[in-house]
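Reviewing the structure listed below.
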Amino acid sequence: MKKKIRTSMIVVALTIFSLFTFGQSVPAELETNIIDLNSPEYANTSFDDIIAKYEGKVIYLDFWASWCGPCKREMPYSHKMQETFLGKDVVFVYISSDKNASAWASAVDNLKLTGEHYLASLSVKQDYGTRFNVRFIPRYVLIDKKGNVVDENAKRPSDPQTVNDIEALL
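The sequence shown maps to residues 1167 to 1336 in our numbering.
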């Protein structure tokens, strides 16, 4: 009799544990999407097209390149920010000014970068260069859910205030 009660209690406990453990939804994973805007299929993609794709989300833009040391040093902080905002209406868009597509793709892979990655075409470089006066990288821009530029000199991912700036737009 005692064995049956003990066995029943163990079964009930395991059932409850399983429901709480396996019944919870698993958070979405961070993904990596890469698009070479120099490829024929994206030849007509403009900077505005990139921004319009993410309408309804806060956009944290990161202008960088694979050869840029300060850019690469910010990437672990950027990854942590992505984890902080996982499942929220925030997208991290990285636009590389690399001239060499394989160097860019290798950097994205080797640095285990996540987010939306674009290798800029000449026209896209000219557009964002003129629009935001980008002369040096890294450079960060914060855009609200309606596509309005909120801060064209946004703080770096390593600055703790950056998370607050993004949260204020949600």
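Heads up, the beta-carbon is just placed ideally off N, CA and C, and yes, glycines get one too.
- DSSP lists H1283 as the beta-bridge partner residues of I1200.
- In the three-state DSSP reduction, W1270 falls in the helix class (H, G or I).
- Following the DSSP letters along the chain, one finds L1288 inside the alpha helix (DSSP H) bounded by residues 1288-1298.
- With respect to L1308, A1320 sits close: the two C-beta atoms are nearer than 9 Å.
- Collapsing the DSSP output to three states places R1301 in coil.
- Take the alpha-carbon of V1315 and the one of A1334: they are about 14 Å apart.
- Annotation for W1230: C1237, Y1260, S1262, I1303, P1304 place their beta carbon closer than 7 Å to its own, counting only its chain and skipping 5 residues before and after.
- Annotated as distal: A1218 and G1281, with beta-carbon spacing of 9 Å or more.
- Distances from the alpha-carbon of G1253 to those of E1221, E1195, P1323, V1329 put E1195 closest.
- The DSSP-derived three-state label of Y1220 is coil.
- Between the alpha carbons of T1250 and S1289 lies a distance of about 33 Å.
- Taking 9 Å as the cut-off, the Cβ atoms of H1283 and T1198 count as close.
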